[in-house]
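Step one of this worksheet: look at the structure below.
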Amino acid sequence: MQVGQPIHGELIYPVYADNKLVLPAKTIVTGSVTALHPNHDRRVSARLRADFTPFYTPVVDFNQIQLPDGTTLTIATSTATDGAPIYRLVAPPPRKGGFIRRQFDTGLQILHDQISLFTAPGKKDRLLRVVYSQLPWHPQNIEKGTAWTVETTTPFTVSEQPASPDPAVSTENSSNSSAWFVQAYLNEKLSSATSKQGEPIRATVAEPIYNPDHSIAVPQGATLVGTITQARPARRFGRAGVLHFNFRQLVLPAGTTRNVETTLTAADSAGGQNLAMNSEGVVKPKPQDKIAIPLLLAALAISPLHEDADDRGEVLARKNATASNSIGIIGFVVGIASGSANVAAGFGAYGTALALYNRWIKRGTDVTFVRDTRIVLQTTPRHAPVLSAQPSH
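Take 145 as the starting number for the sequence shown in this note's numbering and just add one per residue.
Encoded structure:
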């Protein structure tokens, strides 16, 4: 990764203007890396694991789009630094059963997540990252699937594009004739660390919703007004943050206000946050395996200290290698080269302590949705007092 490196990407979602499709999904977008900012937090975390790579955060600028007909347009956009692989959180069906059943389901989810590392698409990229994480220094690249959100800084002209023959879920009425699935994006950043319960929030409808007769039911650009209903910041001892919000008003561009009932059914999330959404739309980090991994590392760490009478050089070297491998190839090499069970066990104890700290003592992860995060809401009309839309700050 270096300044001037070209960036080739495509739009994840279609772009509408005045209820007309102007840029379909998968439109090609090109740009380049314009600067590299030191990523101090990542450097500190990596050095604790004997990785001395000088990590940077790339600043990217997009300057060209290619339409489906091959037409190339020059654009000017704001620079972006918050790039991250995007994963879609989807609300699962309501869970059944009591506490034991819920804990069992949580364990199954953890197991499924571990297995998906080896079975989900992109195995090659994940394997490369695992190999890199074991090295004391390695090249840094922009991960495949990294996404940025940018805004154009100058207007440009583009003709209306033909709509997709298969309408997206947001343009179809649900089984309830008065309900819609609304595609929207947040107008401000939301975080369990800084957002307060009762704080007003807004989102903008990204795609128009049509009635069965193809008239517009909800126009693109309409505003959803709501509040934070639950916000709990992350705390020490691995206690994760929690965030929940809903919207209770739909303000049309003409100024007409409708009271609505919404349920968050999906939202985009930066992959590094490792978030999960429950059936009620509450978002919090996925549970970690806090017991198995530290226990495994502890067992490996003490293995060199238990020498059997018939242990030979190869067996002792193997025990030293497995015990000291918890902090990457540096520990692996030193553990073997030293030939000392105490040195290998010391490296293993350090790796175990680091795993325990990250899972049990370190501050938990906050839930954060950056500005312009894409969300999906199931929306139905309701009868309630009208809320006053507060301006965002």
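No residue lacks a Cβ here, since even glycine has one placed at the ideal position from N, Cα and C.
>> Does L417 come out as helix, strand or coil in the three-state DSSP assignment?
In response: Note on residue identity: the sequence assigns Gln, not Leu, to residue 417. Here Q417 sits in helix by DSSP.
> To the nearest whole angstrom, what separates the beta carbons of R515 and L330, a pair I think is in contact under 8 Å?
Replying inline: 6 Å
>> Short of 7 Å in beta carbon distance, which residues of its chain neighbour P283, apart from the five on each side in sequence? Order them along the chain.
In response: none
> Are I345 and I353 closer than 9 Å when you measure CB to CB?
Replying inline: Not a contact, by the Cβ cut-off of 9 Å.
>> Going by DSSP, what residue range makes up the beta strand (DSSP E) through Y160?
In response: 159–161
> Is L396 near the ligand PLP, with its Cβ less than 8 Å from a heavy atom?
Replying inline: For the ligand PLP, the structure offers nothing, since it holds no ligand at all.
> Mind checking A410: buried by the 16 CB within 10 Å criterion, or exposed?
Replying inline: buried
>> Contact defined as beta carbons within less than 8 Å: I believe R232 pairs with I471. What is the distance between those atoms, to the nearest angstrom?
In response: Cβ-Cβ separation between R232 and I471: approximately 34 Å, too far for a contact (criterion under 8 Å).
> Are A350 and Q327 touching if we call contact CB-CB under 9 Å?
Replying inline: yes
>> Suppose the cutoff is 8 Å on Cβ atoms and the five residues either side in sequence are ignored; what does the same chain contact list for Y200 look like?
In response: Counting only Cβ-Cβ distances below 8 Å, and skipping sequence neighbours, we find M145, L180, H181, P182, N183, Q284.
> Looking at G153 and V173, is the spacing between their C-beta atoms short of 9 Å?
Replying inline: yes
> Taking three-plus beta-carbon pairs below 8 Å as touching, is the segment 293–300 in contact with the segment 483–494?
Replying inline: no
> Considering only residues of the same chain and omitting the five flanking positions on each side of F391, which have a CB-CB separation below 6 Å?
Replying inline: L368, G370, T406
> By Cβ distance, which residues of its chain are closer than 6 Å to P448, with the 5 residues on each side in sequence left out?
Replying inline: Once the five neighbours on either side are set aside, the close Cβ partners of P448 are K463, N464, A467, A485, A488, A489.
>> Quick test of your reading: L387 and A378, contact by CB under 8 Å. State the CB separation rounded to the nearest angstrom.
In response: The pair is not a contact, with the Cβ atoms about 11 Å apart (cut-off 8 Å).
> So the alpha helix (DSSP H) S368 belongs to, where does it begin and stop?
Replying inline: It should be pointed out that residue 368 corresponds to Leu in this sequence rather than to Ser. First-last for L368: 367–376, but that is the beta strand (DSSP E), not the alpha helix (DSSP H).
>> For K428, report the span of its beta strand (DSSP E) as first-last.
In response: 427–429
>> Just to confirm before moving on: does the CB-CB distance between Q432 and T512 stay below 9 Å?
In response: no
> Are the CB atoms of L272 and I473 nearer to each other than 9 Å?
Replying inline: no
> beta strand (DSSP E) containing N331: first to last residue?
Replying inline: Looking at the DSSP string, N331 is not in any beta strand (DSSP E), and its letter there is neither H nor E.
> Taking just the CA atoms, how far does E287 sit from Y160?
Replying inline: 28 Å
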